[in-house]
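Single-structure report; data block below.
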Amino acid sequence: MKGLLLLLLVLTSAGAYGSDKDGYTAVVSGRSCKEFIELRQKQGEPNADVKDTASLMDYSHALGWIAGYITALNWQTPDTYQMLGKSDFKSTVLWLENYCHEHPLNDMSRAMRALTIKLYPNRYKTRKQAEAGSEQKP
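Using the numbering used here, read the sequence shown as starting at 128 and increasing by one per residue.
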(Lines of atoms letter the chains of each structure in order from A and count residues from 1; the text may use other names and numbers.)
(Lines give C-alpha, C1' and ligand atoms only; values in the text may rest on other atoms or scores of the structure.)
Protein backbone atom coordinates (compact mmCIF):
# COMPACT_ATOMS: atom_id res chain seq x y z
CA MET A 1 0.00 0.00 0.00
CA LYS A 2 2.85 2.37 0.82
CA GLY A 3 4.34 1.65 -2.62
CA LEU A 4 1.10 2.55 -4.38
CA LEU A 5 0.83 5.77 -2.40
CA LEU A 6 4.43 6.60 -3.31
CA LEU A 7 3.70 5.96 -6.99
CA LEU A 8 0.62 8.18 -6.87
CA LEU A 9 2.66 10.88 -5.17
CA VAL A 10 5.35 10.58 -7.84
CA LEU A 11 2.82 10.66 -10.67
CA THR A 12 0.92 13.62 -9.26
CA SER A 13 4.08 15.54 -8.47
CA ALA A 14 5.49 14.72 -11.90
CA GLY A 15 4.01 18.02 -13.02
CA ALA A 16 6.93 19.67 -11.27
CA TYR A 17 9.44 18.22 -13.70
CA GLY A 18 7.67 15.99 -16.23
CA SER A 19 4.93 18.33 -17.43
CA ASP A 20 4.35 21.98 -18.07
CA LYS A 21 2.97 24.32 -15.39
CA ASP A 22 -0.59 23.27 -16.33
CA GLY A 23 0.17 19.54 -15.99
CA TYR A 24 0.37 18.74 -19.71
CA THR A 25 3.04 16.57 -21.29
CA ALA A 26 3.74 16.22 -25.01
CA VAL A 27 3.06 12.67 -26.20
CA VAL A 28 5.29 11.48 -29.01
CA SER A 29 2.97 8.77 -30.32
CA GLY A 30 -0.34 10.53 -29.80
CA ARG A 31 -2.25 7.40 -30.83
CA SER A 32 -5.70 6.96 -29.31
CA CYS A 33 -6.91 3.74 -27.71
CA LYS A 34 -9.49 3.46 -30.49
CA GLU A 35 -6.72 3.60 -33.13
CA PHE A 36 -4.69 1.00 -31.23
CA ILE A 37 -7.67 -1.39 -31.12
CA GLU A 38 -8.37 -0.82 -34.82
CA LEU A 39 -4.74 -1.62 -35.66
CA ARG A 40 -4.92 -4.79 -33.56
CA GLN A 41 -8.17 -5.89 -35.20
CA LYS A 42 -6.63 -5.45 -38.66
CA GLN A 43 -4.03 -8.05 -37.71
CA GLY A 44 -6.69 -10.75 -37.27
CA GLU A 45 -5.75 -13.89 -35.43
CA PRO A 46 -2.09 -14.21 -34.43
CA ASN A 47 -1.37 -16.77 -37.20
CA ALA A 48 -3.50 -15.14 -39.91
CA ASP A 49 -1.98 -13.94 -43.18
CA VAL A 50 -1.39 -10.21 -43.05
CA LYS A 51 -2.70 -8.52 -46.17
CA ASP A 52 -2.06 -4.90 -45.18
CA THR A 53 1.68 -4.40 -44.70
CA ALA A 54 1.26 -0.73 -43.76
CA SER A 55 -1.18 -1.72 -41.02
CA LEU A 56 1.24 -4.34 -39.74
CA MET A 57 4.00 -1.73 -39.63
CA ASP A 58 1.74 0.69 -37.73
CA TYR A 59 0.85 -2.03 -35.21
CA SER A 60 4.52 -2.98 -34.86
CA HIS A 61 5.33 0.69 -34.26
CA ALA A 62 2.66 0.83 -31.52
CA LEU A 63 4.14 -2.27 -29.86
CA GLY A 64 7.60 -0.71 -30.08
CA TRP A 65 6.27 2.46 -28.46
CA ILE A 66 4.78 0.39 -25.61
CA ALA A 67 8.05 -1.51 -25.15
CA GLY A 68 9.98 1.77 -25.11
CA TYR A 69 7.61 3.27 -22.57
CA ILE A 70 8.09 0.27 -20.25
CA THR A 71 11.86 0.41 -20.73
CA ALA A 72 11.82 4.11 -19.85
CA LEU A 73 9.81 3.30 -16.73
CA ASN A 74 12.40 0.71 -15.75
CA TRP A 75 15.12 3.29 -16.26
CA GLN A 76 13.45 6.26 -14.59
CA THR A 77 11.43 4.74 -11.74
CA PRO A 78 13.42 4.59 -8.51
CA ASP A 79 13.94 1.16 -6.97
CA THR A 80 12.82 -0.60 -10.16
CA TYR A 81 14.53 -3.24 -12.29
CA GLN A 82 11.51 -4.53 -14.26
CA MET A 83 8.12 -2.82 -14.08
CA LEU A 84 6.36 -5.86 -15.55
CA GLY A 85 7.25 -8.03 -12.55
CA LYS A 86 5.90 -11.54 -13.19
CA SER A 87 3.90 -10.32 -16.20
CA ASP A 88 5.21 -10.65 -19.72
CA PHE A 89 4.90 -8.36 -22.72
CA LYS A 90 2.10 -10.37 -24.35
CA SER A 91 -0.13 -10.20 -21.25
CA THR A 92 0.71 -6.50 -20.91
CA VAL A 93 -0.48 -5.82 -24.46
CA LEU A 94 -3.64 -7.83 -23.77
CA TRP A 95 -4.27 -5.72 -20.65
CA LEU A 96 -3.84 -2.56 -22.75
CA GLU A 97 -6.24 -3.89 -25.39
CA ASN A 98 -8.87 -4.52 -22.70
CA TYR A 99 -8.28 -1.06 -21.22
CA CYS A 100 -8.61 0.52 -24.66
CA HIS A 101 -11.87 -1.33 -25.37
CA GLU A 102 -13.24 0.23 -22.17
CA HIS A 103 -11.72 3.69 -22.81
CA PRO A 104 -11.52 4.20 -26.61
CA LEU A 105 -11.28 7.99 -26.40
CA ASN A 106 -8.21 7.96 -24.13
CA ASP A 107 -4.79 8.21 -25.70
CA MET A 108 -2.19 5.49 -25.25
CA SER A 109 -0.17 7.54 -22.78
CA ARG A 110 -3.16 7.57 -20.45
CA ALA A 111 -3.52 3.81 -20.89
CA MET A 112 0.14 3.42 -20.00
CA ARG A 113 -0.31 5.52 -16.86
CA ALA A 114 -3.16 3.22 -15.78
CA LEU A 115 -0.98 0.20 -16.53
CA THR A 116 1.88 1.69 -14.51
CA ILE A 117 -0.35 2.14 -11.47
CA LYS A 118 -1.47 -1.49 -11.80
CA LEU A 119 2.05 -2.91 -12.25
CA TYR A 120 3.98 -0.77 -9.78
CA PRO A 121 3.23 -2.71 -6.57
CA ASN A 122 4.38 -6.01 -8.16
CA ARG A 123 7.43 -4.75 -10.04
CA TYR A 124 10.81 -6.40 -9.63
CA LYS A 125 13.01 -4.03 -7.69
CA THR A 126 16.29 -5.86 -8.46
CA ARG A 127 17.76 -8.11 -11.12
CA LYS A 128 18.22 -10.77 -8.48
CA GLN A 129 14.52 -10.64 -7.66
CA ALA A 130 13.63 -10.92 -11.37
CA GLU A 131 15.93 -13.91 -11.86
CA ALA A 132 14.45 -15.64 -8.81
CA GLY A 133 10.93 -14.89 -10.07
CA SER A 134 11.62 -16.28 -13.55
CA GLU A 135 12.91 -19.53 -12.08
CA GLN A 136 9.57 -20.03 -10.31
CA LYS A 137 7.52 -19.92 -13.53
CA PRO A 138 6.26 -23.30 -14.81
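Backbone N, C-alpha and C define an ideal beta-carbon position, used for all residues, glycine too. What you are looking at is a predicted structure, and each value in this text was computed from that prediction instead of being measured.
May I ask you to verify whether the stretch 188–195 touches the stretch 244–255, counting CB pairs closer than 8 Å and requiring at least 3? no
Please classify residue 149: does DSSP put it in a helix, a strand, or coil? coil
Taking the beta carbon of residue 238 as the centre, do at least 16 other beta carbons fall within 10 Å, making it buried, or is it exposed? buried
Report yes if the CB atom of residue 182 is closer than 7 Å to the CB atom of residue 169, and no otherwise. yes
Does the beta-carbon of residue 149 have 16 or more other beta-carbons within 10 angstroms, so that it is buried, or is it exposed? exposed
If you run the structure through DSSP and keep just helix, strand and coil, what is residue 203? helix
For residue 164, which residues of its own chain have a beta-carbon under 8 Å away from its beta-carbon, when the five flanking residues on both sides are left out? 224, 227, 228, 231
My output table needs one value for residue 251: the three-state DSSP class, helix, strand or coil. strand
Between the C-alpha atoms of residue 157 and residue 233, what's the straight-line distance to the nearest angstrom? 10 Å
Kindly list the residues whose CB is nearer than 6 Å to the CB of residue 161, restricted to its own chain and excluding five residues on each side of it in sequence; keep chain order. 231
Could you name the residues of the same chain whose beta carbon sits closer than 6 Å to that of residue 210, not counting the 5 residues immediately before and after it, in chain order? 197, 200, 201, 246, 250
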